[in-house]
Amino acid sequence: MFLSPDGTLRRPAVMLSGFRRNLSLFMKTKSFLELADVKAIAAAAEAEALKNNWAVTIAISDDAGNLLWLQRLDGAAALSSHIAPAKAHTAAMGRRDSKVYEDIINGGRTAFLTAPLVEGLLEGGVPIVKDGHVIGAVGVSGVKSNEDAQIAKAGIAALGL
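In my numbering, the protein residues as written are -2 to 158.
Okay, structure coming up:
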């Protein structure tokens, strides 16, 4: 038994249950991608690619850049299965489109090429943002970089964010 601040004698379980109830006042919550979300993104991205007859690889990562989904469409180059996840990883970890990094390098900051753990420095990696927080990213490779980004954005649009 414990004496609470208001002077009443309480059992620990009662104190903890009240603490848990008030914990939401102090802790922040974060959205995350569920498998159903990942499948919806992949299906919409694939539909966009097929609509345009584009052979690409589609990669979806969580907010830390860890791969959740990889799909190489028929006819996509083998190298695209390495580039697409790298673009997704870069967009997730950097919290912005991978094109931003391509523009930095093209603007003359070539030292950025030595940044650790950053390989997908081409357009086509797009973060998935919900309530102002990055919850994942989509990376696409196989066609022109702006078309890769178009496919990624079409996939993300399936979530209605």
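Glycine is no exception: its CB is placed at the ideal position from the N, C-alpha and C atoms.
Sixteen is the threshold: when 16 or more other Cβ atoms of the shown chains lie within 10 Å of the Cβ of D145, as they do, the residue is buried. Looking only at F109, R93, H130, V137, the smallest Cα-Cα distance to L64 is reached by V137.
I80 sits away from G152, with the two beta carbons spaced by 8 Å or more. Contact annotation: A85 and G62 have beta-carbon atoms nearer than 8 Å.
Judged by DSSP in its simplified three-state form, V53 adopts coil rather than helix or strand.
In terms of Cβ geometry, A155 and A40 form a close pair [threshold 8 Å].
Taking every protein chain shown into account, the CB of E120 has 16 or more other CB atoms within 10 angstroms, so this residue is buried. Between A73 and A44, the gap from beta carbon to beta carbon reaches 8 Å or more. Secondary structure note for A39: it is in no beta strand (DSSP E), and the uninterrupted alpha helix (DSSP H) holding it is 32 to 48.
Rounded to the nearest whole angstrom, the CA to CA distance from L76 to V135 is 17 Å. DSSP lists G133 as the beta-bridge partner residues of I125. Per the coordinates, the alpha-carbon of L158 lies some 6 Å from the alpha-carbon of K127.
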